[in-house]
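Structure record follows, encoded as structure tokens.
Protein chains in written order, with UniProt numbering: chain A, 1 to 247; chain B, 1 to 247.
Have a look at this one:
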């Protein structure tokens with residue numbers, strides 16, 4: 001099922017917390033790997049112009065791996081209710097299934113913990129501090145890659161551990177991309193329940209200034225490993241409505 | 001000729017302003033297009049630890065197009081004397097030669113004007129404002145693509161108009177890249193002496209948090225159009241000394 005907010009919609013009725021409601025999402029098996037992404041468009045309408053000039057229209061979709069459809073996949077994502085001011089995507093590391101641990105538990109709890117930190121003054125709009133706090137609060141066994149973005153005053157702040165990703169498209173051209181970090185092939189940097197693990201200090205931290213009309217694509221490696229960037233640009237450019245793109 | 005500062009060198013003896021001294025640079029004809037780049041490595045040594053924890057060791061090189069060797073090419077670059085706190089690369093648009101205008105004039109004056117603005121309190125460490133001021137002060141006929149970076153407190157701020165570029169490499173992996181913006185193939189966004197042109201408002205603005213040991217590659221499209229990113233990563237990874245990499 002697609003959850004989409006049409007441009008220039010400006011406020012989401014509530015937090016969309018997939019990690020808490022995996023049953024809300026169905027699958028499409030066109031793509032064989034797990035595949036979740038968020039698609040956001042910056043617009044110049046805002047519920048509170050005094051607070052910020054731009055807001056985001058958000059569409060989102062989750063396509064679990066065909067073998068993981070019943071459980072809702074192992075990805076989790078969250079979009080805060082204030083026009084996508086905070087967005088997080090986490091991807092549970094599937095190797096934990098070999099140890100009879102559900103890889104979805106860690107990613108879902110991690111994302112839930114990010115959501116509970118939104119608005120905390122100590123976070124101070126810093127996505128890396130959101131990762132730090134959420135990781136510390138997560139007690140599930142497992143590990144996950146994660147990307148967190150915070151949008152404020154026209155600037156998108158991003159912190160990423162591992163191979164979740166984000167792209168920004170402007171006027172039919174890609175103007176920004178995150179990059180994955182991995183120890184070796186198919187072993188990305190990850191937050192974990194284990195003592196020896198990456199932390200928020202290992203996050204790649206960056207920002208990009210957005211303009212009205214920019215499109216942001218966030219997702220797990222299931223998206224970016226299966227679709228070339230130029231295909232993403234093409235789809236986004238030919239669909240100027242968020243809801244059309246995500247479905 | 002290579003100008004290189006070995007890691008962990010911490011201060012340059014003076015501003016390296018290629019735009020004012022093009023004769024200082026010779027060419028190597030391995031690469032057939034114009035090809036200039038800067039290679040910087042973040043280190044934890046600094047002349048004034050109280051001011052910033054990290055500084056940059058800088059190496060630089062210019063390889064003009066073989067047909068432009070005698071005039072020193074049409075690129076220009078500048079590195080401020082305070083450990084590369086401000087770095088700029090500009091690339092004169094060669095099409096002006098068809099109008100009997102030397103394409104190097106605009107890029108060199110633009111870069112010189114950036115250098116004269118370094119330290120101006122109104123710039124406030126903002127690379128976009130550096131572009132704004134330098135463009136306004138440039139009276140030469142012509143146009144140029146340009147990228148400006150400002151490094152302070154561990155954060156690299158970047159503003160780019162057109163197809164000059166910047167890469168950051170960490171532990172053998174690319175973690176950050178700028179992207180070119182163009183109107184159509186081979187016609188990049190550019191600052192110009194013409195009234196109808198791009199301005200600082202068209203710059204792609206981004207930041208990336210650096211860690212000690214990161215390597216930054218900045219250059220004109222002559223570098224990035226001729227060398228794949230994975231080749232750049234390979235060269236940088238196998239040469240941990242800035243001077244080895246740039247020669």
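Even for Gly, the Cβ is constructed at its ideal location relative to N, Cα and C. It should be emphasised that the depicted structure is a prediction, and the values quoted were computed from it without experimental measurement.
Among the options, nearest to residue i - alpha-carbon criterion
i, options, result
"residue 98/B", "77/B, 75/B, 141/B, 190/B", "141/B"
"residue 218/B", "211/B, 150/B, 94/B, 120/B", "150/B"
"residue 188/A", "122/A, 161/A, 113/A", "161/A"
"residue 213/A", "69/A, 60/A, 172/A", "172/A"
"residue 59/B", "87/B, 68/B, 65/B", "87/B"
"residue 226/B", "239/B, 165/B, 54/B", "165/B"
Under 9 Å between C-beta atoms of residue i and residue j
i, j, result
"residue 224/A", "residue 126/A", "no"
"residue 174/A", "residue 221/A", "no"
"residue 56/B", "residue 131/B", "no"
"residue 158/B", "residue 208/B", "yes"
"residue 144/B", "residue 179/B", "no"
"residue 71/A", "residue 104/A", "yes"
"residue 167/A", "residue 204/B", "no"
"residue 139/B", "residue 206/A", "no"
"residue 283/A", "residue 154/A", "Past the boundaries of the shown model lies residue 283/A; chain A is included only from 1 to 247, so the question cannot be answered."
"residue 90/B", "residue 147/B", "yes"
"residue 133/A", "residue 117/A", "yes"
"residue 102/A", "residue 95/A", "no"
C-alpha gap between residue i and residue j, whole angstroms
i, j, result
"residue 63/A", "residue 78/A", "15 Å"
"residue 183/A", "residue 75/A", "21 Å"
"residue 186/B", "residue 82/B", "35 Å"
"residue 137/B", "residue 198/A", "47 Å"
"residue 115/B", "residue 66/A", "57 Å"
"residue 202/B", "residue 181/B", "9 Å"
"residue 215/B", "residue 119/A", "35 Å"
"residue 80/A", "residue 177/B", "28 Å"
"residue 21/B", "residue 108/B", "With a pLDDT of only 39 at residue 21/B, under the threshold of 50, the placement of this residue in the model should not be trusted; the figure read from the coordinates follows. Taking the straight line joining both Cα atoms gives about 10 Å."
"residue 194/A", "residue 100/A", "16 Å"
"residue 231/A", "residue 237/A", "10 Å"
"residue 85/B", "residue 73/B", "25 Å"
"residue 152/A", "residue 233/A", "24 Å"
"residue 122/B", "residue 61/A", "44 Å"
"residue 135/B", "residue 239/A", "36 Å"
"residue 45/B", "residue 68/B", "Bear in mind that a pLDDT of 46 at residue 45/B, under 50, signals an unreliable position, so the model cannot answer this."
C-beta neighbour in chain B for residue i, strict 9 Å
i, result
"residue 227/A", "no"
"residue 171/A", "yes"
Neighbour flag for residue i against chain A, beta carbons, 9 Å
i, result
"residue 174/B", "yes"
"residue 209/B", "yes"
"residue 132/B", "no"
Along the segment 196 to 207 of chain B, what residues have a CB closer than 8 Å to any CB found in chain A?
Those would be 204, 205, 206, 207, in chain order.
Residues, ordered as in the chain, of the segment 174 to 189 of chain A that lie near chain B by beta-carbon distance below 9 Å:
Listed by position, the residues of the segment 174 to 189 of chain A near chain B (Cβ gap below 9 Å) are 174, 175, 176, 177, 178, 179, 180, 181, 182.
Between the segment 48 to 77 of chain A and chain B, which residues of the former have CB atoms less than 7 Å from a CB of the latter, in chain order?
Taking a C-beta cut-off of 7 Å against chain B, none of the residues of the segment 48 to 77 of chain A qualify.
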